[in-house]
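Report on one structure; see the data block that follows.
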Amino acid sequence: MKANFIVCLSLFTGMVLVAGCIKDEEPTPDVRSGVTVVNSFLEAEAVLHRVDVGLGLQSLGQGLGYRGIDFYAIPSHENCRLEIISSNESAQLVDTAFTIEENKYYTSFLFGTEAAPLHFLTDDRLPAGTEDPTAIAGLRFFNLAETPHRVTLQIATGEPIPAFQDRPTETSETGQGAAEFILTSNTGTHVLTVRDENGGQLARRTGVALDPGDYLTIFLTGNGNDSTPFYIGIVRHRGVN
Amino acid sequence: MMKRLNLIFALLTTVVFLGGCLKGTDPQPKQVGGATFINAFIETDAVYYYVDRNTISVLNPLFYRTYGPTPPIYMYPGEARLELYSTYENNRLVDTTITVQDSVFYSSFVYGTHDDPRHFITDDRVPEDIDDASAIAAVRFYNLANTDRRVTLHIGDLTPIAAFSDRPTETPQTGKEREGFIPVATGSYIVSVVDENGETVATRNDPVDLVAGSYVSIFLTGDERDPTTFYVARVYQWVN
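Those protein sequences? They're chains U and H, same order as listed. Sequential numbering of the first sequence, starting at 8, is according to my numbering. Sequential numbering of the second sequence, starting at 572, is according to my numbering.
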């Protein structure tokens, strides 16, 4: 009896130990992508983003106020549908489809008016051949304001970056076209000013931290009215592609 | 044999237990150095402090007209990155490197405006010619208000000290230069700050107790745009 027990025990122990050597299929990390949502749509108090990644439309959060910025990690999906609903009579502002790839970061920008809502989704990518993204910083600039002016972003007192000069209000195409970050080694704490084509200051923002490894989207929003003045919004990206 | 072992065990137990009753000199913890953070930045409710990107619990955030931590937080000797962020739009007010030495107390003062945030760090030391640090009281005075007025500190009825007279708003340089404490006769005083025209800018309601051994920073904070914000603040400092 006793001998039998010892045999059983050693057999069991052996099984447990040897089982550790089995090369089974290893668990793969969850396949996710990052989506940042930016609300520059000033005609509604808030908007609701809804995403369908093959499981029906699901809300991202509880609604995003004007000037709001939020980040969501969502499963990557090939034919992903995004719908954005306004808090005004639940009007549908955007209904679009796109592919979100694994472990990539995207940003959705909503702006325009109820009559003509505008939207674009950027692939948050660095220029090809960027060697060490943590040693350098990146910026991009969008004019999402409701204004006929062509605006220029000035960082500190330096000469404006050419891509940030004389930008009219974006369209989906110009937004997509300016999606790539512009690398800069001009790190530090900066004062940003946005001016119109005559040099008149529309908005200003102080104390903007830009350290190596920081990737920011700077956007102008508002329409210059007292209730919705021009304002410089900043998205601090969690990750870039 | 067994019996003797019991005996030895009992003896040992007694020694251990009675040993606890000995009144030896208890080790006294000794404050060797550290940093105090003082928020005189009026344009926002509070300021977040990060040292090498780590938060400090009390300073997360630190409200206007408050200071902390008490006692000062120990900082490891060497270089550290200090960042201060405003609660308003996450403005970075300060991004600087501080060099920490062993057994030195430091104070960080932040003031000014979002357009012109100002900051300096003082070494908090007993004046050099003082033999017994606990026998005297000493004061330093700063004008950290957003004002064009030049102000003078009045400590009770004492003759105003030259170094505390006619002070424009400090720059980081003047703040650092004037980090030394100046001995003042001990006592309990009402302190007030008066401008160059003799008009009182602010008076502190409760007296400042300058008992022997106290080292006090007194400063004016507030903003000219709303004169009711002027306030005479005082911080009892740890010094070495």
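Think of the CB as a built atom: it goes at the ideal place given N, C-alpha and C, for glycine as much as any other residue.
Check the Cβ-Cβ distances between Thr196(U) and every residue of chain H, and say whether any is below 9 angstroms.
Closer than 9 angstroms to the CB of Thr196(U) there is at least one CB belonging to chain H.
Ala716(H) to Ser192(U) span [Cα, whole Å]:
Using only the alpha carbons, I get a separation of about 35 angstroms.
Interface positions of the region 199-216 of chain U facing chain H (Cβ-Cβ less than 8 angstroms), listed along the chain
Cβ contacts with chain H come from Arg212, Thr213, Gly214, Val215, Ala216.
Measuring only the C-alpha atoms, how far is Thr181(U) from Phe226(U)?
Just so you know, the alpha carbons of Thr181(U) and Phe226(U) end up roughly 13 angstroms apart.
Hey, does Pro648(H) have any beta-carbon neighbour from chain U nearer than 9 angstroms?
No, Pro648(H) does not count as interfacial toward chain U.
Residue(s) in a DSSP beta bridge with Glu767(H):
None; Glu767(H) has no bridge partner.
Please go through the same chain and pick out, in chain order, the residues whose beta-carbon is closer than 6 angstroms to the beta-carbon of Tyr786(H), but skip the five residues on each side of it.
Only residues of its own chain outside the window of five on either side were considered, and among them Ala709, Phe752, Gln808, Val810 have a CB closer than 6 angstroms to the CB of Tyr786(H), listed in chain order.
Given that Arg775(H) touches chain U, what residues does it touch there, using C-beta distances under 7 angstroms?
None at all; the shortest Cβ gap to chain U is about 31 angstroms.
Using DSSP with H/G/I as helix, E/B as strand and the rest coil, what is Cys15(U)?
In this structure, DSSP gives Cys15(U) a helical state, which the three-state scheme calls helix.
With the cut-off set at 9 angstroms, would you say Leu653(H) and Tyr621(H) are in Cβ contact?
The answer is yes: Cβ separation under 9 angstroms.
Taking the continuous alpha helix (DSSP H) assigned at Gly182(U), which residues delimit it?
Segment 179-184, the alpha helix (DSSP H) holding Gly182(U).
Environment of Tyr760(H) [buried if 16+ CB atoms lie within 10 Å]:
Flag for Tyr760(H) reads buried.
Quick one: which residues of the region 661-682 of chain H get their C-beta closer than 9 angstroms to a C-beta of chain B? List them in chain order.
Absent from the structure: chain B. Protein chains present are U and H.
Neighbour flag for Tyr656(H) against chain U, beta carbons, 9 angstroms:
When Cβ-Cβ separations below 9 angstroms define contact, Tyr656(H) makes contact with chain U.
Name the chain U residues that come within less than 7 angstroms of Asp686(H), Cβ to Cβ?
Taking the beta carbon of Asp686(H) as reference, the chain U residues within 7 angstroms of it are Thr213, listed in sequence order.
Please name the residue, chosen from Lys747(H), Ala804(H), Tyr645(H), Thr615(H), that lies closest to Thr774(H) on a Cα-to-Cα basis.
The residue with the shortest Cα to Cα distance from Thr774(H) is Ala804(H).
Using only CA atoms, which one of Gly605(H), Pro642(H), Ala651(H), Arg796(H) lies nearest to Ser674(H)?
Looking at the Cα atoms, Gly605(H) is the closest of the given residues.
How far does the beta strand (DSSP E) with Gly41(U) in it extend, from its first residue to its last?
Note, Gly41(U): beta strand (DSSP E), 39-46.
Have a look at the DSSP bridge pairing and note the partners of Asn625(H).
Its beta-bridge partners are Val622(H).
Under the DSSP definition of a beta bridge, which residues are partnered with Thr774(H)?
Answer is Ser763(H).
Whole-angstrom Cβ separation of Ala706(H) and Val697(H), contact assumed at under 8 angstroms?
Your pair Ala706(H) and Val697(H) does not check out as a contact, with CB atoms roughly 11 angstroms apart and the cut at 8 angstroms.
Thinking C-alpha only, which one of Ser179(U), Asp221(U), Ala152(U) is nearest Ala210(U)?
Taking only the C-alpha atoms, the option nearest Ala210(U) is Ala152(U).
Whole-angstrom C-beta distance between His84(U) and Gly61(U), which should lie under 8 angstroms:
Confirmed, Cβ separation roughly 6 angstroms.
Per-residue burial, Asp702(H) [other beta carbons within 10 Å of its own, 16 or more giving buried]
Counting C-beta atoms within 10 angstroms of its own C-beta, Asp702(H) has fewer than 16 neighbours from the protein chains shown and is therefore classed as exposed.
Which two residues bound the contiguous beta strand (DSSP E) that contains Thr799(H)?
It spans 797-807 - the beta strand (DSSP E) in which Thr799(H) sits, taken as one unbroken run.
With a Cβ-Cβ cutoff of 9 angstroms, do Arg245(U) and Gly41(U) count as a contact?
Against a cut-off of 9 angstroms, the Cβ pair of Gly41(U) and Arg245(U) comes out as a contact.
Would you tell me roughly how many angstroms separate the C-alpha atoms of Leu117(U) and Arg212(U), rounded to the nearest one?
In this structure, the straight-line span from the alpha carbon of Leu117(U) to that of Arg212(U) is close to 22 angstroms.
Strand pairing of Phe64(U), partner residues [DSSP]
For clarity, residue 64(U) is Leu in the given sequence; the question names Phe instead. Leu64(U) is bridged by DSSP to Asp59(U).
Segment contact flag, the region 189-203 of chain U with the region 152-171 of chain U, C-beta cutoff 8 angstroms, min 3 pairs
Note that the region 189-203 of chain U touches the region 152-171 of chain U; at least 3 beta-carbon pairs, one per stretch, sit closer than 8 angstroms.
For Asp221(U), which residues of its own chain have a beta-carbon under 6 angstroms away from its beta-carbon, when the five flanking residues on both sides are left out?
Cβ contact annotation for Asp221(U) (same chain, cutoff 6 angstroms, sequence separation greater than five): Ala144, in chain order.
Would you call the CB atoms of Thr740(H) and Asp719(H) closer than 9 angstroms?
Closer than 9 angstroms, so yes.
Based on Cα-Cα distance, which residue from Pro688(H), Val755(H), Pro798(H), Asp777(H) lies nearest to Asn610(H)?
A check of alpha carbon separations from Asn610(H) across Pro688(H), Val755(H), Pro798(H), Asp777(H) identifies Pro688(H) as the nearest.
Are the CB atoms of Ile132(U) and Glu177(U) nearer to each other than 9 angstroms?
Looking at the sequence provided, one finds Arg at residue 132(U) rather than Ile. In this structure, Glu177(U) does not lie closer than 9 angstroms to Arg132(U) by Cβ.
Any non-hydrogen atom of the ligand SAH closer than 8 angstroms to Met646(H) Cβ:
Absence of the ligand SAH is noted for the structure shown, with no ligands found whatsoever.
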